[in-house]
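Engineer: Here the sequence shown is numbered in my numbering, starting from 4 and rising by one per residue.
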Amino acid sequence: MNFLQSLAQQFAVKPIDWEELEEALIRADFGVPMTMRIIKTLQEREAWSLLGIGDVIKAVREETARILPPDPAPIHRAEGKPTVILIVGVNGTGKTTSTAKLAHYLMHVGNCRGSVSAPNSFGVHRNALQQDRHRVMLAAADTFRAAAIEQLGVWAKRLGAEMLSGQYGADPAALCYDAYQSASKNKIDFLLCDTAGRQHTKTNLMAELQKMKRTLSKFDSDAPHETLLVVDATTGSNALSQAREFQSAIGLSGLIVTKLDGSGKGGIVVAIQDELKIPTRFVGTGEKLDDFAPFDASEFIANML
Numbered sequence: 004m005n006f007l008q009s010l011a012q013q014f015a016v017k018p019i020d021w022e023e024l025e026e027a028l029i030r031a032d033f034g035v036p037m038t039m040r041i042i043k044t045l046q047e048r049e050a051w052s053l054l055g056i057g058d059v060i061k062a063v064r065e066e067t068a069r070i071l072p073p074d075p076a077p078i079h080r081a082e083g084k085p086t087v088i089l090i091v092g093v094n095g096t097g098k099t100t101s102t103a104k105l106a107h108y109l110m111h112v113g114n115c116r117g118s119v120s121a122p123n124s125f126g127v128h129r130n131a132l133q134q135d136r137h138r139v140m141l142a143a144a145d146t147f148r149a150a151a152i153e154q155l156g157v158w159a160k161r162l163g164a165e166m167l168s169g170q171y172g173a174d175p176a177a178l179c180y181d182a183y184q185s186a187s188k189n190k191i192d193f194l195l196c197d198t199a200g201r202q203h204t205k206t207n208l209m210a211e212l213q214k215m216k217r218t219l220s221k222f223d224s225d226a227p228h229e230t231l232l233v234v235d236a237t238t239g240s241n242a243l244s245q246a247r248e249f250q251s252a253i254g255l256s257g258l259i260v261t262k263l264d265g266s267g268k269g270g271i272v273v274a275i276q277d278e279l280k281i282p283t284r285f286v287g288t289g290e291k292l293d294d295f296a297p298f299d300a301s302e303f304i305a306n307m308l
């Protein structure tokens, strides 16, 4: 049951209670600012005492549509050099798996002539990148967890993607440096750097990401061309806190939202865009490699809400 279906059921046989509505919207992770705007909009109507659940649902949809960009920003190829994508996030969000899924998407989108076979789920956009099949290299920049290097290696072998890894405990910035050199030499289209999971409150670990960005920018002032934060849709407001800290420390170009299929809410997508103006670029909606695609606001509003 999606959020608005649940809301409709809650108020099906009774008038709108403002406190209950406020609680329901916040519980769905839409955030306090958006929640208060929706309630204010409804209360300012002349006949607000006659409002039904249909009016509430319409207001939520309209406010969500106003906040979310209508189309996902495409991943642009860098001209004549590797396009670098830095994947960041806290532990347990599915960061390494999302890196592999993004690699699979980049490698196989060309087989669909500019479109990807989107799963039957919300928030998925059928448009692909701008060109055909791409060569992808994975950089195992999570050097603090030996299992992470092994995990990415398994994914690389399964995908048929090239991979560069270093010794356990190696400097991740130095590894990114070597990875870029290798990607450039081998005419790789996309270099995906999987970084170590880190708590957003740890200043020293965030400084390490800043060092990685500085190192990559030595080759290309625009690198990394994308910095994507992986967040778990089921963690609610904690994901907003993560986005705030990562945005402040290194700047973000977008989100990869995982477990969107397992959340009956999903409002965190809207809350982060509303407060921080960070768009959701990709969504993971299942365990399979193909359960991953560009985010589509209209599909999200139609199906998730």
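Ideal Cβ placement from N, Cα and C applies to all residues, glycine included. For clarity, every value in this text was computed on a predicted model and none was experimentally measured.
So the candidates are Gln-245, Gly-163, Ala-176 and Ile-56; which of them puts its Cα closest to the Cα of Arg-201?
Structural biologist: Closest by alpha carbon: Gln-245.
Engineer: Give the straight-line distance between the Cα atoms of Gln-12 and Arg-30, rounded to the nearest whole angstrom.
Structural biologist: So the two alpha carbons sit approximately 16 Å from each other.
Engineer: Between Met-37 and Ile-253, what straight-line distance do the alpha-carbon atoms span, to the nearest angstrom?
Structural biologist: Approximately 26 Å between the Cα atoms of the pair.
Engineer: Does the Cβ of Lys-188 have 16 or more other Cβ atoms within 10 Å, making it buried, or fewer, making it exposed?
Structural biologist: Exposed.
Engineer: Comparing alpha-carbon positions, which option in Ile-152, Val-93 and Phe-193 lies nearest Pro-175?
Structural biologist: Nearest option by C-alpha distance: Ile-152.
Engineer: Closest to Ile-70 by CA distance: which of Tyr-180, Gly-287, Asp-293 and Thr-283 is it?
Structural biologist: Nearest C-alpha to Ile-70: Thr-283.
Engineer: Should Pro-18 go down as buried or exposed, given a rule of 16 or more other Cβ atoms within 10 Å for buried?
Structural biologist: Its Cβ having fewer than 16 others within 10 Å, Pro-18 is exposed.
Engineer: Taking 6 Å as the limit between beta carbons, can you name the residues of its chain near Leu-178, skipping five residues before and five after?
Structural biologist: Closer than 6 Å at the Cβ level, and outside the excluded window around Leu-178, lie Ala-144 and Gly-169.
Engineer: How big is the Cα-Cα spacing for Lys-43 and Thr-206?
Structural biologist: Their Cα atoms are separated by approximately 39 Å.
Engineer: Could you please give me the residues that DSSP links to Gly-257 through a beta bridge?
Structural biologist: The partner list for Gly-257 (beta bridge, DSSP) reads Leu-231.
Engineer: Taking only three categories from DSSP, how would you classify Cys-115?
Structural biologist: With a pLDDT of 37 at Cys-115, under the threshold of 50, the predicted position of this residue should be treated as unreliable, and no value is reported.
Engineer: Out of Glu-65, Thr-238 and Lys-291, state which residue places its alpha-carbon closest to the alpha-carbon of Thr-96.
Structural biologist: Among Glu-65, Thr-238 and Lys-291, the Cα nearest to that of Thr-96 is on Thr-238.
Engineer: Check whether the Cβ atoms of Leu-10 and Val-87 lie closer than 8 Å to each other.
Structural biologist: Contact: no.
Engineer: Between the Cα of Pro-77 and those of Ile-304, Ala-296, Met-39 and Glu-302, spot the shortest distance and give me the residue it belongs to.
Structural biologist: It is Ala-296 whose Cα lies nearest to the Cα of Pro-77.
Engineer: How far does the beta strand (DSSP E) with Pro-297 in it extend, from its first residue to its last?
Structural biologist: First-last of the beta strand (DSSP E) with Pro-297: 295-297.
Engineer: Would you mind sorting Pro-75 into buried or exposed? The rule is 16 or more other CB atoms within 10 Å of its CB.
Structural biologist: Flag for Pro-75 reads buried.
Engineer: Let me check understanding here. Comparing Cα to Cα, which of Leu-243, Arg-48 and Ile-90 lies closest to Glu-278?
Structural biologist: Answer by Cα proximity: Leu-243.
Engineer: Run through DSSP, which three-state label would Arg-30 get?
Structural biologist: The answer is helix: DSSP assigns Arg-30 an H, G or I state.
Engineer: Go to Ile-60, then tell me how far its beta strand (DSSP E) extends in each direction, as first and last residue.
Structural biologist: Element bounds for Ile-60: not the beta strand (DSSP E) but the alpha helix (DSSP H), 56-70.
Engineer: Rounded to whole angstroms, what's the CA-CA distance from Leu-167 to Ala-173? Just pull it up for me.
Structural biologist: In a straight line, the C-alpha of Leu-167 is about 13 Å away from that of Ala-173.
Engineer: Could you check where the alpha helix (DSSP H) with Val-157 kicks off and where it finishes?
Structural biologist: Start and end: 149-162.
Engineer: Would you kindly work out how many angstroms separate the C-alpha atoms of Pro-103 and Leu-212, rounded to a whole number?
Structural biologist: Looking at the sequence shown, residue 103 is not Pro but Ala. Those two C-alpha atoms are separated by around 20 Å.
Engineer: I think Val-260 touches Val-234, with their Cβ atoms under 8 Å apart; what is that distance to the nearest whole Å?
Structural biologist: Confirmed, Cβ separation roughly 6 Å.
Engineer: Tell me Val-286's beta-bridge partners as DSSP assigns them.
Structural biologist: Answer by DSSP bridge pairing, in chain order: Val-260 and Ala-296.
Engineer: So what does DSSP say about Lys-291, is it helix, strand or coil?
Structural biologist: Coil.
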